[in-house]
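Enquirer: Mind looking over this structure? Questions follow.
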Amino acid sequence: MSLIQDGVLLLDAAGTLTFGNASALKLLALTPEHVQKHYLEIIKEPVLLRLIETAMSSHETQEDEFVSTAQAEQRSLSVSVEPFTWPEHQLQGWLILIRDLTAVKRLEAIERDFITNVSHELRTPLTSIKMAAESLQMGAIANEKLKERFLSNIQREADRLTRLV
């Protein structure tokens, strides 16, 4: 098992895949047999291809997030394509870092749904309390029967809020 969970690919200056760690190969549905092949032959992700091509033509780091369709299960990926030079070994090319954000995106969606549901659940009793209080202010307090009904409603909804919180 590798300590590095992020995917790492190295392309030489000509665009040949010279290295791919297990994470990168898995995320892009590649195999070790794809090493030593040109990236255009093996990479099928349109966004990743665009990033590589832009980085190669501009010689600047390119980054993006996208949903990968390389595997049956869609994955949210963050990719960075960076030029690198290693003068001691006379190497230069492109370093591609791939981070799987699927779990993070899933948690963000759960958090959004939770906040939406909590907001709705809190808003409903607050609206009832506000309406009952406004009715009392507008004269219902003078009618003993209405006053009791609205005060009971306020108490019931306040208890509901307490349970929710």
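Going letter by letter, the sequence shown gives residues 3 to 167 in my numbering. Cβ coordinates follow ideal geometry from the N, Cα and C atoms, glycine included.
1) For G22, would you say it is in contact with chain D, using Cβ-to-Cβ distances shorter than 7 Å as the test?
2) Decide if the segment 148 to 160 is in contact with the segment 101 to 119; the criterion is three or more beta carbon pairs, one per stretch, under 8 Å apart.
3) For T18, which residues of its own chain have a beta-carbon under 8 Å away from its beta-carbon, when the five flanking residues on both sides are left out?
4) If you drop the 5 nearest sequence neighbours on each side, which residues of the same chain put their C-beta closer than 8 Å to that of V106?
5) Return the CA-CA distance between T164 and E123, expressed in angstroms with no decimal places.
6) Buried or exposed: where does V83 fall if 16 or more other Cβ atoms within 10 Å of its Cβ makes it buried?
7) Given this structure, state the Cα-to-Cα distance separating P85 from Q94, to the nearest angstrom.
8) Where K132 and F116 are concerned, what is the direct C-alpha to C-alpha distance, given to the nearest angstrom?
9) The alpha helix (DSSP H) that contains V120, what's its start and end?
10) Please name the residue in H91, A135 and A26 whose C-alpha comes closest to that of A160.
11) Compute the beta-carbon to beta-carbon distance between K46 and A72, rounded to the nearest angstrom, for a pair I have assumed lies under 8 Å.
12) Leaving aside the five residues before and after E67 along the sequence, list all residues of the same chain whose C-beta is less than 8 Å from its C-beta, in chain order.
13) In the DSSP assignment, find the beta strand (DSSP E) that holds P85 and state where it starts and stops.
14) Of all the options M140, V167, I98 and E35, which has the alpha carbon lying nearest to the alpha carbon of L11?
Expert: The short version:
1) Here there is only one protein chain, and chain D is not present.
2) Two segments are said to touch when three or more pairs of C-beta atoms, one from each, lie closer than 8 Å; by this definition the segment 148 to 160 does not touch the segment 101 to 119.
3) The beta carbon of T18 sits closer than 8 Å to the beta carbons of Q38, K39, H40 and Y41 from its chain, once the five residues preceding and following it are set aside; these are given in chain order.
4) Closer than 8 Å at Cβ, skipping near neighbours: S78.
5) Taking the CA atoms as reference points, T164 sits about 12 Å from E123.
6) Buried: at least 16 other Cβ atoms inside 10 Å.
7) Those two C-alpha atoms are separated by around 8 Å.
8) The C-alpha of F116 is placed about 24 Å away from the C-alpha of K132.
9) Counted as a single uninterrupted DSSP element, the alpha helix (DSSP H) harbouring V120 occupies residues T104 to Q139.
10) If we check each option's Cα against that of A160, A135 comes out closest.
11) Beta-carbon to beta-carbon, K46 and A72 are separated by about 6 Å, close enough to satisfy the 8 Å threshold.
12) Hits under 8 Å: S78, L79, S80, V81 and L103.
13) Where P85 is concerned, the enclosing beta strand (DSSP E) stretches over R77 to W88.
14) It is I98.
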